[in-house]
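Q: The structure is given below, and queries will be raised subsequently.
2 protein chains.
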Amino acid sequence: MAEEYAMDKGTGLIGFDLGATKMMAVLFDEDHRVVAREKARSKDGNGKTPVSRLVETIEQCLKDAEVEPKALKAVGIGVPGAVDRARGVVISAPNLGWENVEIEEKLEKALGVPVIVENDVNLGTYGEYRVGAARKFDHLLGIFPGTGVGGGLILDGRLYGGSTGMAGEIGHMILDRHGPLCGCGRYGCLEAYASRVAIAREAAAAALRGQAPALLEECGTDLTNIKSGAIARSIKSGDEAVEKIVRRAARMLGVAAANAVNLLSPEAVLLGGGLVEAMPALFSDEVEKAIRNQAFPALSRSVKVVVATLGDDAVATGAALFAEEMLRAKKEEKKS
Amino acid sequence: MAEEYAMDKGTGLIGFDLGATKMMAVLFDEDHRVVAREKARSKDGNGKTPVSRLVETIEQCLKDAEVEPKALKAVGIGVPGAVDRARGVVISAPNLGWENVEIEEKLEKALGVPVIVENDVNLGTYGEYRVGAARKFDHLLGIFPGTGVGGGLILDGRLYGGSTGMAGEIGHMILDRHGPLCGCGRYGCLEAYASRVAIAREAAAAALRGQAPALLEECGTDLTNIKSGAIARSIKSGDEAVEKIVRRAARMLGVAAANAVNLLSPEAVLLGGGLVEAMPALFSDEVEKAIRNQAFPALSRSVKVVVATLGDDAVATGAALFAEEMLRAKKEEKKS
C-alpha cells in the first residue's frame, strides 16, 4: 500500500510519541488518516536518547511510506516530562535523562519543517478531544494513570497550560498528608495511590501474604513484573484482594477527579492509559461514583466519565493534530 | 458633595454586594470612582430577602447621589451562592433562602438597565484582578476564607466558570477523607479546616480547656461570638493554642492552594476575606510556605501570594467592573 502513496507538498503530519522505553512516529495525511508507523526503542546501547534517534525514526517512517520530508506540514512531539511549549524546550524528562533540551530547534534544523513539543499526557488528552472519546467536550479533564498519574486540561476548547505551560499535574494533588510516600518526595499524592507502581506495591504485598494466588502464580512478588494486564487477569481469576486494591486506587482517582470537578466544572472526565485500558469498567464505575458522591451536585450532575479510545495512538494523534492547530493559529495571528 | 454630582446618561455603574446579613450598593462613575454607597440589612422583618429590597437599596443609593436611573450603564450583583450567569439566575443561595431566583430579569424590569449576576467570591477575585492586589495576574486563583471558603478563578485574563459557570469551589476540595465533618455533608474538605466556623470550633474547645485565656475572656466558648477580629486579638494577647489552630488552618489552605497550583499553574494566589484581613501575614506566610513545599518547583517557583486590598468594597467593585466588561463584550459580539 505505502509505495503507491503520493503526498502533496506541505500536507502531511508527523505525530511522535516519545516514551520512556519506546518511541513511535506516525505519519498522517491531510485528512488525518494514518499512512505509516515506525517504532523504535527510546534508548540506544548506552541508555541514552539523543535527538538524532528521533530524527532517524521519523526519517525511517517517511522512507517506509515513500514520502519526502518536504511533504510534511508539521511535526508534533509528545514528551514524558515538563515542557516549555512557548520556547520549544523540554525542561525536564527524568525517564529520558533530559534536562533543558532545545528539541524544537534541533528537530526543525534536522527536518526542515515546523516542530511543536508538548507534554505527552496533554497531547493524549488533546487527541481524544479532537478525534477520540472526548470529542466536543470543550471543558475536559484527562487523567492517565500509568507509571505515574498524568493529567491534561482542555478549557474553553483549548489545551490549557496555565502561566508556565505546565498545568495539569493532577497526579500530585495531595489527598492525605499522612498517606503513602510519593515519588515526588511528598506524602499522599494521588500518584502514591493510583499509579501502576502504587497498585503493584499493594498487590505484591497481597501476593506475598498468600491473598492473591493467581497474581503470585503469574508474576511472583516482584513489582517489576506486575503490569496492567497481569493485574486485570488476577482480578478475573478471582484474586479478591487485588480487586479491592485496584478499586481503592480508582476511588482515590475519583476523589481527585471530584476535587477538580469542584474547581473547574468540566463537562467530562476522560480516563486513559494502560491500567484503564486493562480494566475500563472498574475504573469508570469507581470514578463516576466518586464524582457523584464527592463533588457538588450542581457541578457533578452533568459530568460525563469517558474512557479513551485511541489506545497506543493517542499521543501521536494528539501531537499531529496539535502541531497542525498551532501552525494554523500562528498563521492567523500573523494575518491580523 | 453628592448633590453637586452630575452624571451623563448611560455612564454610571452600580456594584451590588448581596451578603447573607448585609447588602451594599455602590455607585461608580465612568472612571470607576465611588460616588455613593448605600447599606442595608439583607433580611426584612420576616427574615426574607425579596428582590424588591435590592431595588430599594439601589434606588436609595441613586437618590443620595442625586443621580437618575437613566444615568446608569449597567448593574452587577454579587450573590453568595451558585449562579447560572448565562441565564441570569441564582440557582441556590442557602443563606438567603433563595432557589432559582430569576434576578436578572426582575432587576432589569425594575431598573430599566442591563443587569449581570455572578457569585460574590468570583466578583471579589475579579475586582482584585482589575483594580486591587492582583492586577495583571492573568492566571489567578482567589481564595476567600470566611463563614465558608470561597474561590474564584481568572484564567487567561477572564473570569472562569467552566461548563456550568460555577467553577471555583476550592472550599470543597477534599484534603483528607478521614478529616472533620464539613457543612456539605462530606469529610475533610478545605472548608472543614480553614473556614471561620472551623477555626472557631477548635478555638472554643481550646478556650474551654483553659488553653486560650484571652479568647475565653473576650468571647467565652460560644462559637457565634468568635469572629475574625477576636481570633486575631487572642493571638496577639498570647493565646498560643489559638495561634497553632489558625496556623494549621492556614497550612491546610496552603495545601489546597498547592494542589490547585499543580493543576492550573497560576501566576498568583490571592487571599482575601475577614480572616485574612485580620491576620494577613500569618495567612500569606503559611500559604506561601505550603505552596513552596507541596507544589512542583517548576510550577510553584514563580507563584506570588498576594493579600486582597479592596476590603469591604471588593465584591461591589468587581460586580460593577464585571457588568461593564460583560456589556462591552456583548456589544462587540453583536458587531462581529
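Listed in order, the protein sequences are those of chains A and B. If you're matching positions, the first sequence starts at 1 in my numbering and goes up one per residue. If you're matching positions, the second sequence starts at 1 in my numbering and goes up one per residue. Glycine residues also receive a C-beta, built at the ideal position from the N, C-alpha and C atoms. Values in this document were obtained by computation on a predicted structure and should not be read as measured data.
Inspect the CB distances between the segment 284-298 of chain B and the segment 88-107 of chain B and report whether three or more fall short of 8 Å.
A: The segment 284-298 of chain B is not in contact with the segment 88-107 of chain B.
Q: May I ask you to list, following chain order, the residues of the segment 277-296 of chain A that have a beta carbon less than 9 Å from some beta carbon of chain B?
A: Hits within the stretch, in order: 293, 294, 295 and 296.
Q: Ordered along the chain, which non-local residues of its own chain (more than five positions away) have a Cβ less than 6 Å from that of residue 38(B)?
A: Contacts found: 25, 57, 60 and 61.
Q: With a floor of 3 residues, list each beta strand (DSSP E) that falls wholly inside the segment 85-154 of chain B, ordered by position along the chain.
A: For the segment 85-154 of chain B, whole beta strand (DSSP E) runs of length 3 or above, ordered along the chain, are 89-93, 98-101, 115-119 and 140-145.
Q: Between residue 63(B) and the ligand GTP, is there a pair consisting of the residue's CB and a ligand heavy atom that are separated by less than 7 Å?
A: Summarising the ligand content, the structure contains no ligands, and the ligand GTP is consequently not present.
Q: Reducing DSSP to helix, strand and coil, say where residue 175(A) ends up.
A: Three-state DSSP puts residue 175(A) in coil, outside helix and strand.
Q: Tell me, please, whether the CB atom of residue 176(B) is closer than 8 Å to any CB atom in chain A?
A: It does; some Cβ of chain A falls within 8 Å.
Q: How would you write the range of the alpha helix (DSSP H) that residue 12(B) sits in, first residue to last?
A: Unbroken run through residue 12(B) is the beta strand (DSSP E), 12-18; no alpha helix (DSSP H).
Q: What residue does the beta strand (DSSP E) around residue 72(B) start on, and which one ends it?
A: That run of the beta strand (DSSP E) goes 72-79.
Q: Should residue 218(B) be labelled buried (16 or more other beta-carbon atoms within 10 Å of its own) or exposed?
A: Residue 218(B) is buried by the Cβ-count criterion.
Q: So with CB distances below 8 Å, who are the chain A contacts of residue 298(B)?
A: The contacting residues are 82, 91, 92, 164 and 166.
Q: When you compare only the Cα positions, how much space is there between residue 120(B) and residue 242(A)?
A: In a straight line, the C-alpha of residue 120(B) is about 46 Å away from that of residue 242(A).
Q: Whose C-beta lies closer than 6 Å to the C-beta of residue 184(A) among residues of the same chain, with five residues either side of it excluded?
A: Once the five neighbours on either side are set aside, the close Cβ partners of residue 184(A) are 172.
Q: Determine the direct distance from the alpha carbon of residue 276(B) to that of residue 216(B), and round the result to whole angstroms.
A: Cα-Cα distance, rounded: 22 Å.
Q: According to DSSP, is residue 200(B) helix, strand or coil?
A: It is helical.
Q: Run through DSSP, which three-state label would residue 30(B) get?
A: Residue state, collapsed to three classes: coil.
Q: Can you say whether residue 332(B) is buried or exposed, counting buried as having 16 or more other CB atoms within 10 angstroms of its CB?
A: The residue in question, residue 332(B), is exposed, as its Cβ has fewer than 16 Cβ neighbours within 10 Å.
Q: Quick check: residue 341(A) and residue 127(A), are their CB atoms within less than 8 Å of each other?
A: Because chain A spans 1 through 336 in this model, residue 341(A) falls outside it and cannot be assessed.
Q: Would residue 255(B) and residue 174(A) qualify as a contact pair, given that the criterion is a beta-carbon distance under 8 Å?
A: In contact: residue 255(B) and residue 174(A) (Cβ atoms closer than 8 Å).
Q: For residue 249(A), which of 80(A), 149(A) and 90(A) has the nearest alpha-carbon?
A: Closest by alpha carbon: 149(A).
Q: Identify the continuous beta strand (DSSP E) that holds residue 63(B) and give its terminal residues.
A: Here residue 63(B) belongs to no beta strand (DSSP E); instead the alpha helix (DSSP H) covers 51-64.
Q: Would residue 4(A) pass as an interface residue toward chain B - the criterion being a Cβ-Cβ separation below 8 Å?
A: Note on residue 4(A): pLDDT 49, under 50, position unreliable in the model; no value is reported.
Q: Could you give the uninterrupted runs of the alpha helix (DSSP H) lying entirely in the segment 193-248 of chain B, keeping only those of 4 residues or more?
A: Entirely contained in the segment 193-248 of chain B, the alpha helix (DSSP H) runs reaching 4 residues are, in chain order, 196-208, 213-219 and 228-236.
Q: From which residue to which residue does the beta strand (DSSP E) around residue 269(B) run?
A: Its beta strand (DSSP E) spans residues 268-271.
Q: List the endpoints of the continuous beta strand (DSSP E) containing residue 334(B).
A: Premise fails: residue 334(B) lies in the alpha helix (DSSP H), 314-335, not in any beta strand (DSSP E).
Q: Closest to residue 302(B) by C-alpha separation, out of 322(B), 18(B), 323(B) and 262(B), would be which residue?
A: Of the listed residues, the one whose Cα sits closest to residue 302(B) is 262(B).
Q: Report the option in 201(A), 193(A) and 304(A) whose CA atom is closest to the CA atom of residue 176(A).
A: Here the closest residue by C-alpha is 193(A).
Q: Quick one: list the residues of chain A neighbouring residue 260(B), beta-carbon separation under 8 Å, in chain order.
A: The contacting residues are 263.
Q: Could you tell me which of 72(B), 10(B), 94(B) and 267(B) sits nearest to residue 157(B), measuring between CA atoms?
A: Nearest option by C-alpha distance: 267(B).
Q: Between the Cα of residue 325(B) and those of 141(B), 232(B), 33(B) and 114(B), spot the shortest distance and give me the residue it belongs to.
A: Closest option to residue 325(B), Cα to Cα, is 114(B).
Q: On a Cα-Cα basis, can you pick out the residue from 239(A), 278(A), 294(A) and 222(A) that is closest to residue 252(A)?
A: Of the listed residues, the one whose Cα sits closest to residue 252(A) is 294(A).
Q: Could you give the distance in angstroms between the alpha-carbon of residue 227(A) and the alpha-carbon of residue 212(A)?
A: Answer to the nearest angstrom: the Cα atoms are 15 Å apart.
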